[in-house]
Amino acid sequence: MALYLIGDLQGCNEPLQRLLRSVDFSPSRDTLYILGDLVNRGPDSLGVLRSLSGLGDAAQCLLGNHDLNLLGIRHGLRKPHRSDTVQQVLDAPDCDPLLDWLRHRRMAMLEHGWLMVHAGVLPQWSAAQTMALAGEVEQALRGPDLAGFLKAMYGNTPNQWQDTLAGAERLRVIVNALTRMRFCTTDGAMEFATTGSTQTAPPGYLPWFEVPGRKTAGLPVAFGHWSTLGADTVASGAGLLDNTLPLDTGCVWGGCLSAARLGSRPGQFELIRVPCPQVQAPD
């Protein structure tokens, strides 16, 4: 039995299939943990969704910001961006069952000694609280008013967690932290405009995993979303970065698709990479 953590696919189905062949993946024996952003910007989001949904429990997938964006477009709450490549999914005869499968994916996972998220974890959240808050969003995504949840999900405020938050504001902060965050202040105020390397942090902000006293610091955290960070970290062979593993290595931008095959001890892994052709230029 082998366990693999895999970074952002973003519609790059052909590299995914090459990666699975390279490790002799078997759904009867092995398990994939996909760290969100299954779709968009790449050429074959439909193929990714069909492939992963067809693997059953052998593919455990998180939701990323691009996946939530696809659900928003489907419900008429978002207009496609000029760089979006999801029309193939929307036009497919199996669009509705695929998106029903998508809305039932997870927002965070705690498996095999690893906490897994798409983007980040606020410094004041423990692993247990992260999982509980992720569960609140999952319940809303799977509930009868999906369109209502998606309509209220967008926005940058509030940008900071408070235990007293309720309703749409509470869910919005959780979604933004788990699927969009890169930088925050020491007290957890998030910033969403900066997308570059860790050296581009605005004054007063840090990469979320560098915040002193982060409550999840004692647990290895795997995440995607930050392609410049993941590409630099994996290419340098640096291993865990502040006890985190960034696995978005820019497949859709011409980098590579990366997987971490988990070892027998928490935090132990072996990296597998396959090169990817550039199919999108950064915005």
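For the sequence shown, the numbering used here gives the first residue as 2, with consecutive numbering after it.
Built from N, CA and C at the ideal position, the CB exists for glycine as well.
Here the structure is a predicted model, which means the values were calculated and not measured.
Spatial neighbours of residue i within its chain, please: C-beta separation below 8 Å, excluding the five flanking residues on both sides.
| i | result |
| --- | --- |
| Phe-184 | Met-191, Glu-192, Thr-195, Ala-202, Pro-203, Tyr-206, Leu-207, Pro-208 and Trp-209 |
For residue i, name the three-state secondary structure that DSSP assigns.
| i | result |
| --- | --- |
| Phe-150 | helix |
| Pro-247 | strand |
| Pro-94 | coil |
| Thr-32 | strand |
| Ser-27 | coil |
| Asp-284 | For Asp-284, the pLDDT reaches just 49, beneath the cut-off of 50, and the residue's location in the model is therefore unreliable, although a value from the coordinates is still provided. Three-state DSSP puts Asp-284 in coil, outside helix and strand. |
| Leu-10 | coil |
| Glu-15 | helix |
| Val-40 | coil |
| Asn-253 | Note that residue 253 corresponds to Val in the displayed sequence, not to Asn. In the structure shown, Val-253 sits in coil (DSSP, three-state: anything other than H, G, I, E or B). |
| Ala-223 | strand |
| Phe-193 | coil |
Quick one: is residue i buried, meaning 16 or more other Cβ sit within 10 Å of its Cβ, or exposed?
| i | result |
| --- | --- |
| Ala-223 | buried |
| His-105 | exposed |
| Ala-141 | buried |
| Thr-131 | buried |
Note down, in chain order, each residue of its chain lying with its Cβ closer than 7 Å to the Cβ of residue i, except the 5 sequence neighbours on either side.
| i | result |
| --- | --- |
| Ala-59 | Pro-28, Asp-31, Thr-32 and Leu-33 |
| Asp-284 | With a pLDDT of only 49 at Asp-284, under 50, the local geometry of the prediction cannot be trusted, and no value is derived from it. |
| Leu-53 | Ile-35, Leu-39, Ala-60 and Cys-62 |
| Met-127 | Sequence check: residue 127 is Ser here, not Met. The answer, listed in chain order, is Lys-216 and Thr-217. |
| Pro-213 | Thr-187 |
| Met-110 | Tyr-34, Gln-61, Leu-63 and Met-117 |
| Leu-272 | Val-235, Ser-259 and Ala-261 |
| Val-174 | Pro-159, Trp-162 and Leu-166 |
Give me, in chain order, the residues of the same chain whose beta-carbon lies closer than 6 Å to that of residue i; leave out the 5 immediate sequence neighbours on both sides.
| i | result |
| --- | --- |
| Gly-56 | Checking the sequence shown, residue 56 turns out to be Leu, not Gly. Excluding residues within five positions, the ones whose Cβ falls inside 6 Å are Pro-28. |
| Trp-102 | Ser-54 |
| Ala-148 | His-76 |
Three CB pairs or more closer than 8 Å across the segment 251 to 269 and the segment 5 to 25: When C-beta atoms of the segment 251 to 269 are compared with those of the segment 5 to 25, three or more pairs fall below 8 Å, so the two segments count as touching.
Quick one: complete alpha helix (DSSP H) runs, 4+ long, within the segment 45 to 128? Fully enclosed alpha helix (DSSP H) runs of 4 or longer: 46 to 54, 66 to 75, 88 to 92 and 96 to 104.
Count the C-beta pairs between the segment 134 to 147 and the segment 253 to 267 that are closer than 8 Å, then say yes if the count reaches three, no if not. No, they do not touch.
The segment 67 to 78 / the segment 144 to 152 touching (three or more Cβ pairs under 8 Å): Under the Cβ criterion (8 Å, minimum of three pairs), the segment 67 to 78 counts as touching the segment 144 to 152.
Kindly provide the ranges of any beta strand (DSSP E) runs that are 3 or more residues long and lie completely inside the segment 255 to 283, ordered along the chain. Runs found: 257 to 263 and 270 to 276.
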